[in-house]
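Following: one structure in structure tokens, then a few remarks.
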């Protein structure tokens, strides 16, 4: 594989203005790694979800959110174009898969299965908790703004009784052990997204949209599932020509993923991630894509229009 390191620009958020972000990264559809957010703004997730040693605070999750129903992927089992999933409680996920949080290693109780809690609608389920504040660069979030006010189900009382969510959104929390991963994909609706790493370390491999055809078969129907597999030359004749941009994301850093960038992600150490849109605690969020910079962005005059 042709992997280039250091190609994804990294900046401290203090050195980047909103207008510069729009011109250099949003308009040009370029990825970016930002650091310094969670420490400066004292995100609640960075305090409650992490122990003083920097490990996930499993006890806090079990005590406060243990009854939440979540989807857990088995990273070793493929099901169609994704990983096989099953529903369980957060407390079950933690109790079933994590044995030891002493030191830097976290072991899974089943060596034949690597669990990955995905797509947890945490913000929608716990709106009063306020785990983080959206960075100014990502506040033009038309998709979630719409979904926050759109009721997915007409019988809302029924879904509340069943501990289900009446509205949907694209703000997620992910939690995964070392070795968990996400198959190659581009984000939903070809949206933009940002992913904040609360603890742990992640390895991202990006593919420029101009090369996305290289990871599809001859009919442009099927995409490579795992770029580290033995990929068939006959089925995916262009795969070996693809140039992958590698980026390592540490705790407290945010990755901006532009529209149409295929990517595959590996969790290198136990982590948590908040994904507002990728125990890895990650916050993931999506930003709507209209195939051009929205008028509000293109007319931006340089002043700070949002509060964190």
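Residue numbers (my numbering): 881 to 1188.
Note that CB positions come from ideal geometry on N, CA and C, so glycine has one too.
Item: How would you label residue 990, buried or exposed, when you count the other beta carbons within 10 angstroms and need 16 or more for buried?; Value: Only weak support exists for where residue 990 lies, its pLDDT of 49 falling under 50; the value from the coordinates is given anyway. Label assigned to residue 990: exposed.
Item: Can you tell me which of the three DSSP states residue 1073 falls into?; Value: strand
Item: Who are the near neighbours of residue 966 in its chain, counting only those whose CB is closer than 8 Å to its CB and skipping five residues on each side?; Value: 951, 952, 954
Item: May I have the straight-line CA-CA distance separating residue 1001 from residue 1104, to the nearest angstrom?; Value: 28 Å
Item: Using only the alpha-carbon positions, how far apart do residue 1010 and residue 1049 sit?; Value: 15 Å
Item: Which residue or residues does DSSP assign as beta-bridge partners of residue 930?; Value: 936
Item: Can you check which of these residues, 948, 1059, 1127, 1112, is closest to residue 1190 by C-alpha distance?; Value: The requested residue 1190 does not occur in the structure, where the chain is confined to residues 881 to 1188.
Item: By Cβ distance, which residues of its chain are closer than 8 Å to residue 924, with the 5 residues on each side in sequence left out?; Value: 1009, 1010, 1011, 1012
Item: When the Cα atoms are used, what is the spatial distance from residue 1066 to residue 914?; Value: 20 Å
Item: Residue 1174 by DSSP, collapsed to three states: which one?; Value: No answer about residue 1174 holds up, because its pLDDT of 43 lies below 50 and its placement is not dependable.
Item: Tell me which residue opens and which closes the alpha helix (DSSP H) that residue 1002 is part of.; Value: 1002-1005
Item: Run through the DSSP bridge pairs and tell me what residue 1135 is partnered with.; Value: 913, 1075
Item: Helix, strand or coil: which one does DSSP assign to residue 1122?; Value: coil
Item: Using DSSP bridges, identify the partner residues of residue 892.; Value: 915
Item: Taking 9 Å as the cut-off, decide whether the C-beta atoms of residue 911 and residue 1138 are in contact.; Value: yes
Item: Quick one: measure Cβ to Cβ for residue 929 and residue 922, integer angstroms, because I've assumed they're closer than 8 Å.; Value: Going by Cβ atoms, the distance from residue 929 to residue 922 rounds to 13 Å, so no, they are not a contact pair.
Item: Counting only the same chain and skipping the five closest in sequence on each side, list residues whose C-beta sits under 7 Å from that of residue 1094.; Value: 1118, 1119, 1121, 1122
Item: Using the three-state DSSP reduction, which class does residue 881 fall into: helix, strand or coil?; Value: coil
Item: Nearest-angstrom Cα distance between residue 1141 and residue 1075?; Value: 14 Å
Item: Alpha carbons only, please: which of 973, 1136, 1077, 1130 is nearest the one belonging to residue 1086?; Value: 1136
Item: Which same chain residues, not among the five before or five after residue 1125, have their C-beta less than 6 Å away from its C-beta?; Value: 884, 887, 888, 1086
Item: In terms of residues, what are the limits of the alpha helix (DSSP H) holding residue 887?; Value: Segment: none, residue 887 is in no alpha helix (DSSP H) and carries neither H nor E.
Item: For residue 962, collect the residues of the same chain with a Cβ closer than 7 Å to its Cβ; drop the 5 residues on either side in sequence, then sort them by chain order.; Value: 1063
Item: Can you look up residue 1130 in the DSSP assignment and give me helix, strand or coil?; Value: coil
Item: How should residue 1158 be labelled, buried or exposed, when 16 other C-beta atoms within 10 angstroms of its C-beta is the threshold for buried?; Value: Reliability fails at residue 1158, whose pLDDT of 33 lies under 50, so the model's placement of it is uncertain and no value is given.
Item: Per DSSP, what kind of secondary structure is residue 1039 in: helix, strand or coil?; Value: In this predicted model, residue 1039 has a pLDDT of only 43, less than 50, meaning its place in the structure is not dependable; the value taken from the coordinates is given anyway. It is helical.
Item: Sort out for me which residues DSSP pairs residue 1065 with in a bridge.; Value: 1143
Item: Checking the sheet assignment: what are the DSSP bridge partners for residue 998?; Value: 951
Item: Do residue 1054 and residue 998 have their beta-carbon atoms positioned less than 9 Å apart in this structure?; Value: yes
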